[in-house]
Ligand SMILES: [Zn+2]
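Residue numbers (UniProt numbering): 1 to 484.
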């Protein structure tokens, strides 16, 4: 239903770009005269046509030489400039065509539905008829400021149809004829486009990122998923640091509704540039550096936040048994109920009760690595055999088993041997290889080029993020693992 409206709006835009259209028409003409199969040599006839059209406009003359390599290449370019996936224009901003009887109102703060009907000059009895239609009341009474509602009002002044959005996906049109109301539901159109944006921090990263168009969830992806292993956002970010992001924007009727999907990002802090690229491996999206190494470390050093190391690894007098014993892990004192996270991607090997350990979870991380978490007050929703991701909450701090107070007892084993989780060398995560690496490179280089292009444009005087690969390959900063 709105398609024709959108089509109209788009046509308007086309008119504004008449010169482009004009060029395009010339291309079409040229194309008619140049057979599609033609891709190598110019015949006398082709030359004649080319000469003929060259007299029409200078631009065509610049395009013709391009034909010598491949005939189709100039056309997609010309089309791209027209077919930019522009967000649909909101209905209120569209121009009314003669005879258009749709009256679009935008809900303002504090406005009630009665106010809107009043403004449109529709009697309250009609409003109640509409509200009595099944499903209409729910959608209409919770209209938020900024949303639009449209009335189809012919010259007679009687409401013929009303149009509103039932939810994010559906648009409803109710047609009033005599005593009956007919409902038509249509899908609200959304479109996605990939954009590149950049920001420089002046006060806070959050402010700069919001200014650059990132949604709060996109900011969280940047800080908690992509760069958290390299940058301590609570301390290290300073004015002058900058970021660039390639992301998907989802638009619905002229409004940007989602930007949570970050495809690539760079962050330049203290003269160093870090980069992250999203890539699907084994059906799972992960972020990698420019060389195809996962940004995520295979293990987080400390599987619990807001905790104090209360007992280290090694020989000690057991607090309950009172005799010297080897402490085969580390203890973190924390309040009962503090969440405990899986230190790495794993398969749940055991979740149950064991003497001494109380409620305990053992995770198998593959390559001979297992971790153990004891004295839990309760388990999270996990099952033996289940695959879980790093950071998944597996249970909560408690004092079950042999424990004097609430704490997490954490063990790290390599091929069955207990190691000190605070000092053991964690295995590096598996990098991308072979065909996957090739696919990754093919996907990331255009994204990086876009970021570099944008940074060059914005930060002409500053040094651009030109060598993220080399920097990203460098060892993480010493304070990268502060949490351990
Ligand atoms: Zn312990």
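Yeah, the Cβ is synthetic: ideal placement off N, Cα and C, and Gly gets one too.
Comparing alpha-carbon positions, which option in the options lies nearest residue i?
| i | options | result |
| --- | --- | --- |
| residue 451 | 439, 383, 261 and 246 | 246 |
| residue 348 | 317, 399 and 366 | 366 |
| residue 133 | 290, 112, 174 and 154 | 174 |
| residue 179 | 161, 112 and 241 | 161 |
| residue 157 | 166, 131 and 122 | 122 |
| residue 240 | 234, 269 and 418 | 269 |
| residue 177 | 285, 126 and 309 | 126 |
| residue 371 | 323, 231 and 298 | 298 |
| residue 191 | 387, 256 and 408 | 256 |
| residue 209 | 111, 230, 364 and 267 | 267 |
| residue 310 | 145, 289, 207 and 408 | 408 |
| residue 322 | 403, 419 and 120 | 403 |
| residue 459 | 242, 387 and 423 | 242 |
Quick one: Cα of residue i to Cα of residue j, how far?
| i | j | result |
| --- | --- | --- |
| residue 99 | residue 159 | With a pLDDT of only 46 at residue 99, under the threshold of 50, the placement of this residue in the model should not be trusted; the figure read from the coordinates follows. Taking the straight line joining both Cα atoms gives about 15 angstroms. |
| residue 395 | residue 124 | 57 angstroms |
| residue 438 | residue 343 | 30 angstroms |
| residue 181 | residue 151 | 14 angstroms |
| residue 139 | residue 163 | 11 angstroms |
| residue 333 | residue 440 | 42 angstroms |
| residue 78 | residue 296 | Since pLDDT at residue 78 reaches only 23, below the 50 mark, its modelled position is unreliable, and no value is offered. |
| residue 287 | residue 341 | 20 angstroms |
| residue 220 | residue 265 | 13 angstroms |
| residue 273 | residue 228 | 14 angstroms |
| residue 109 | residue 217 | 26 angstroms |
| residue 65 | residue 446 | Reliability of the predicted coordinates at residue 65 is poor, the pLDDT of 29 falling under 50, and no value is obtained from them. |
| residue 47 | residue 193 | Only weak support exists for where residue 47 lies, its pLDDT of 44 falling under 50; the value from the coordinates is given anyway. Residue 47 and residue 193: Cα-Cα distance of roughly 40 angstroms. |
| residue 405 | residue 312 | 16 angstroms |
| residue 279 | residue 260 | 15 angstroms |
| residue 281 | residue 434 | 13 angstroms |
| residue 233 | residue 223 | 7 angstroms |
| residue 324 | residue 393 | 33 angstroms |
| residue 289 | residue 301 | 20 angstroms |
| residue 251 | residue 111 | 26 angstroms |
| residue 364 | residue 425 | 17 angstroms |
| residue 487 | residue 116 | The requested residue 487 is not part of the displayed model; the chain covers only 1 to 484. |
| residue 137 | residue 128 | 9 angstroms |
| residue 97 | residue 131 | Confidence is the limiting factor: at residue 97 the pLDDT is only 42, short of 50, which leaves the residue's position unreliable, though a coordinate-based value still follows. Rounded to the nearest angstrom, the two C-alpha atoms are 29 angstroms apart. |
| residue 422 | residue 308 | 13 angstroms |
| residue 436 | residue 258 | 29 angstroms |
| residue 89 | residue 167 | At residue 89 the pLDDT is 38, less than 50, meaning the model places this residue with poor confidence; the figure from the coordinates comes in the next sentence. Taking the straight line joining both Cα atoms gives about 19 angstroms. |
| residue 318 | residue 417 | 20 angstroms |
Considering just the uninterrupted stretch of the beta strand (DSSP E) at residue i, what are its terminal residues?
| i | result |
| --- | --- |
| residue 133 | First-last for residue 133: undefined, no H or E at that position. |
| residue 373 | 369-376 |
| residue 201 | Here residue 201 belongs to no beta strand (DSSP E), and DSSP marks it neither H nor E. |
| residue 351 | 346-354 |
| residue 339 | 339-341 |
| residue 253 | Run containing residue 253: none; DSSP gives neither H nor E here. |
| residue 396 | 393-396 |
| residue 413 | 407-414 |
| residue 105 | 102-106 |
| residue 174 | 170-177 |
| residue 316 | 314-317 |
| residue 184 | 180-187 |
| residue 366 | 358-366 |
List the whole-angstrom C-beta distance separating residue i from residue j, where the pair is believed to meet the contact cut-off of C-beta under 8 angstroms.
| i | j | result |
| --- | --- | --- |
| residue 504 | residue 427 | Within the shown structure, residues of the chain are numbered from 1 to 484, placing residue 504 beyond reach of any answer. |
| residue 195 | residue 249 | 5 angstroms |
| residue 212 | residue 203 | With 8 angstroms as the limit, residue 212 and residue 203 do not qualify as a contact, their Cβ atoms being about 14 angstroms apart. |
| residue 169 | residue 187 | 6 angstroms |
| residue 401 | residue 356 | 5 angstroms |
| residue 263 | residue 237 | Between residue 237 and residue 263 the Cβ distance is about 22 angstroms, and since that is not below 8 angstroms, they are no contact. |
| residue 338 | residue 379 | Wrong, their Cβ atoms sit about 14 angstroms apart, outside the cutoff. |
Compute the distance between the beta-carbons of residue i and residue j, then report whether it is under 8 angstroms.
| i | j | result |
| --- | --- | --- |
| residue 358 | residue 376 | yes |
| residue 147 | residue 104 | no |
| residue 374 | residue 360 | yes |
| residue 276 | residue 226 | yes |
| residue 149 | residue 143 | yes |
| residue 327 | residue 335 | no |
| residue 345 | residue 389 | yes |
| residue 330 | residue 410 | yes |
| residue 153 | residue 114 | no |
| residue 304 | residue 351 | no |
| residue 244 | residue 457 | no |
| residue 183 | residue 172 | yes |
| residue 431 | residue 271 | no |
Would you mind reading off the limits of the alpha helix (DSSP H) that contains residue i?
| i | result |
| --- | --- |
| residue 113 | 113-119 |
| residue 453 | 434-458 |
| residue 219 | 216-220 |
Hey, would you say the C-beta of residue i is under 7 angstroms away from at least one heavy atom of ligand 3?
| i | result |
| --- | --- |
| residue 318 | Of the ligands one can find in the structure shown, namely ligand 1, none is ligand 3. |
With a threshold of 8 angstroms between beta-carbons, can residue i be considered close to chain B, or not?
| i | result |
| --- | --- |
| residue 352 | The structure shown contains no chain B, having only a single protein chain. |
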